[in-house]
Every structure is written in structure tokens, then in C-alpha cells.
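Quick note: the sequence shown, position 64, residue 189 per the working numbering, numbers continuous.
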Amino acid sequence: MTHKISVILPNYNYEKFIPQRLSSILNQTCKPSEIIFLDDCSQDNSVGVAKDLLKDSGIPHKIITNTENKGVFNQWLKGIELATNDLVWIAETDDYAQLDFIEKMTVFFDDEKVVLAYCRSEFVNSDGEIITEEKEEKKKFFTKTERWDSQFICSGLEEIQNHLSVNNTIPNASAVIVNKKRLNRDKLQVLHDYRKAGDWLFYILALQSFQDNKIAYTPDKLNNYVRHEKSVMQSNHKNPVLFKEVLSIVLYIYDNFSIQESNKRLMFKNLFVWLEWFDLNDELKSYLLKILHHFSPDEILLATQQILRMKEDEINGFQARIASLAVETAAMDEKIAALTAQINALHNSTSWKLTGPLRKIISLFRNT
Numbered sequence: 126m127t128h129k130i131s132v133i134l135p136n137y138n139y140e141k142f143i144p145q146r147l148s149s150i151l152n153q154t155c156k157p158s159e160i161i162f163l164d165d166c167s168q169d170n171s172v173g174v175a176k177d178l179l180k181d182s183g184i185p186h187k188i189i190t191n192t193e194n195k196g197v198f199n200q201w202l203k204g205i206e207l208a209t210n211d212l213v214w215i216a217e218t219d220d221y222a223q224l225d226f227i228e229k230m231t232v233f234f235d236d237e238k239v240v241l242a243y244c245r246s247e248f249v250n251s252d253g254e255i256i257t258e259e260k261e262e263k264k265k266f267f268t269k270t271e272r273w274d275s276q277f278i279c280s281g282l283e284e285i286q287n288h289l290s291v292n293n294t295i296p297n298a299s300a301v302i303v304n305k306k307r308l309n310r311d312k313l314q315v316l317h318d319y320r321k322a323g324d325w326l327f328y329i330l331a332l333q334s335f336q337d338n339k340i341a342y343t344p345d346k347l348n349n350y351v352r353h354e355k356s357v358m359q360s361n362h363k364n365p366v367l368f369k370e371v372l373s374i375v376l377y378i379y380d381n382f383s384i385q386e387s388n389k390r391l392m393f394k395n396l397f398v399w400l401e402w403f404d405l406n407d408e409l410k411s412y413l414l415k416i417l418h419h420f421s422p423d424e425i426l427l428a429t430q431q432i433l434r435m436k437e438d439e440i441n442g443f444q445a446r447i448a449s450l451a452v453e454t455a456a457m458d459e460k461i462a463a464l465t466a467q468i469n470a471l472h473n474s475t476s477w478k479l480t481g482p483l484r485k486i487i488s489l490f491r492n493t
């Protein structure tokens, strides 16, 4: 089945990334039927670069600029409304895709109940060098990650209950294609209030829009997620606004879905991780207390004990490593001392003729 797709390019001050991003779109093996470039009041020449690259592309396109900064999730919602096709690819402007991204991803929508399809992402820096694996990122939050080794299509409700209830399992929006026909767009309006963690809530609301909605995934690395000094990921780190939004999403999950006990324990562990990153103000404490009301005292006690044991294991591991390094250092000191003694003996030998450079090298050891 042939699918038409609209590409949404939300942009803010990403002038230097636009050529690579647009090249990865314009040269797709299956061309998009339209491109909508949404600039969120950039201060650089993003709009000019986009105009130059799109004018001879042969693909229908729009360039729309804001007079004030609205935030990325407002741009998402605007792009979805403006798209003339059911399938929408929100292609963040600082990322780039493999040239068969559209070809391989749109086939999932042969199943008309699929609302979201996403692929594995390659985590790269601005030079295109791999900096980490997506699976390694998931290991920070999940004890088992084997399910992401294979392609799947599953119930949206089950995805929320079993995985999105623990953490956002889709690390980069550029890896996602959305079927707007399967969205409850009225429900999505809450995203206007989000600035940092709205992607996680977007996926949950999308899957929740219809009871029989599905999500699809391929382990093919079709998307390149660029992490750099200006990326949303970097700017969000330790941001209290992010923590507030994360806690509000966790609370939404617990208020609206039935979560199995093992996942509740995983989420509790994640809360501890986040608490190490952020300081708590009164508003954040209020959210946290509301979340804890979804746990029984026994659950809180058990989860806390497990976390303390994990922290104790980490400390013991660090101490063992320090002790090992101390032994290695002592052994190295002995080798250096023995070598220094040999060199000193050689220096004192009347039969050895010392050249100028060699004398300097030996003098370094004599002074240690």
C-alpha cells in the first residue's frame, strides 16, 4: 500500500543543522508529499537557509514563522493541524535520517489501527560519531530490554501499562511517524502547557486516543539522534521545569492506568534517580506526595530497601575498584623504583658513554 506523508520540521536556531536534515528528507527513496517548515522565532538565518534549499526541491512546501517563541510542542500541534496527509513525520531539525526511513516506516500503517510507529535511533554527536547505544539508555530504566531487539506491533494500552509507565521508551521524536486520523486532537491540547517533557505525554495520549490503537517498532537504525550543546536533551538536564512535567506525567499515568507491581517498583527506582538530579521545592513535593499515595506503605518500604541494597552494591563496587587500583599503583611504583635503580647503576658505570639526549632522559629518572 502506498502512503502519503507530511514532514513537519520544527526549528529554533538550528541553521547549521538544516542542510544535513533537509538532504536526508529530500533524498528519501520514497519522497514525502509535502514539507512544512515551522520556525519558532529563530535569531539565526534558519529561515533563509530553508528557503534556499527547498525552493528547487520539487516537493510542495510551506515555511511558517512565529513572531514570538511558542515552544516545541506548540509547533508539533500546529504541524499536525496543518498537515494535509494522515501520516505525519515530526522531523526535528537537528537530527537526520537514513534515506530509506519513509520507505521502511510507512509500511506499518498498512495496519489501520497503528497510531505510532518508531525505529531504533543511533545516538551521535555533531560530527556524526556514535556516542551511545539506545539499548544502553534503556538499561538505565528497565531490567529487561530484549523486546527492542525485534520488530513488533502491539496494543497501545499494553504499551503504556508495561513500558511507557516506567519511562519514555521513545528517546527521539524524529524516529516516529504518527497517524493523525487515530489521534484525539482535543485531548492533545494539554501539550500547549508543556515545554520539556511533552513528547512522553504525547505518546501516551496518542496511544490512549482510541481503545484499539496500536504501536509499531523496528530495531532498524533509521534515525540519527544528534546530541549537542543546544539540543533539547542537553538543555533539559537538571531543569526543574522538566522534573515538574515528568512528575505530572507519572501522576497522570497512575491516575488513569492500572500498573503492574513490577513496573511500579521500577518507576519508584526511577524517582530516586530523578531525586538525585533535582532539588525539591514545595510544588515538586506536592506532586511527589500525590504519586506516593498510589503506593502502599509496604510497597514503599520494599522498594526503598531494594534501592538501598542497590546503592550499597554500587558503593561496594566502587570500594573494590579503588582497592584494586591501589594494588595496581603500588605494583607500578615498585617497577618504577626498580627501573630507576637500574638506570642509576648504569649512570654510575664508568664504561658507559652518555650522549646529550640520553643524559637528559636519565636525569629525569634520577630526579624522581
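By construction, the Cβ of each residue, glycine as well, lies at the ideal position given by its N, Cα and C atoms.
Assigned with DSSP and collapsed to three states, His353 falls in coil, not helix or strand.
With a cutoff of 7 Å on beta-carbon distance, Thr190 and Asp164 are scored as near each other. DSSP places Ile150 in no beta strand (DSSP E) but in the uninterrupted alpha helix (DSSP H) bounded by Ile143 to Leu151. Assignment of Ile160 by DSSP, reduced to helix, strand and coil, places it in the strand class. Secondary structure at Tyr139: coil, using DSSP grouped into helix, strand and coil. In the structure shown, the three-state DSSP call for Tyr319 is coil. Note: Ala222 is bridge-paired with Asn348 in the DSSP secondary-structure output. Annotation: the continuous beta strand (DSSP E) that includes Asn304 extends over Val301 to Asn304. Setting aside the 5 residues that flank it on each side, Lys260 is surrounded in the same chain by Thr270, each with a C-beta closer than 6 Å to its C-beta; the list follows chain order. Judged by DSSP in its simplified three-state form, Thr465 adopts helix.
Put simply, the stretch 286–302 touches the stretch 376–385. At least three CB pairs are less than 8 Å apart. Secondary structure of Lys410 (DSSP, three-state): helix.
Listed in chain order, the non-local C-beta contacts of Leu134 below 6 Å within the same chain comprise Phe162, Ala216 and Thr218, local neighbours out to five positions each way being set aside. Phe368 carries a helical assignment under DSSP once its states are collapsed to helix, strand and coil.
Rounded to whole angstroms, Tyr342 and Ala455 show a C-alpha spacing of 52 Å.
Straight across, the Cα-Cα distance linking Tyr377 with Lys312 is about 13 Å.
Looking at Leu308, Glu237 and Phe266, the one whose alpha-carbon comes closest to that of Ile278 is Glu237.
With a 10 Å radius around the Cβ and a threshold of 16 neighbouring Cβ atoms, Lys187 comes out exposed.
By the Cβ criterion, the stretch 312–325 is not in contact with the stretch 172–186, since fewer than three pairs of Cβ atoms, one from each stretch, lie closer than 8 Å. In terms of Cα proximity to Tyr350, the closest of Asn138, Ser149 and Pro157 is Ser149. It is roughly 20 Å from the alpha-carbon of Asp407 to the alpha-carbon of Phe393. Between Asn304 and Leu241, the alpha-carbon positions lie close to 6 Å from each other.
Going by DSSP, Phe277 is part of no alpha helix (DSSP H) but of the beta strand (DSSP E) stretching over Phe277 to Ser280. The stretch 135–143 makes contact with the stretch 196–206, as at least three CB pairs between them are under 8 Å.
At the C-beta level, Ser246 and His353 stay beyond 7 Å of one another. Cβ-Cβ separation between Lys321 and Val366: approximately 5 Å, consistent with a contact (criterion under 8 Å). Asn388 places its beta carbon less than 7 Å from that of Val291.
Leu464 sits exposed, since fewer than 16 C-beta atoms from the chains shown fall within 10 Å of its C-beta. Looking at the DSSP output, Lys187 sits in a beta bridge with Ile161. In the structure shown, the three-state DSSP call for Thr257 is strand. Under DSSP, Tyr243 forms a beta bridge with Val301 and Tyr342. Here Ser131 really is in contact with Thr209; their C-beta atoms are around 6 Å apart, less than 8 Å.
Distance between Lys265 and Leu308, taken at the CA atoms: about 30 Å.
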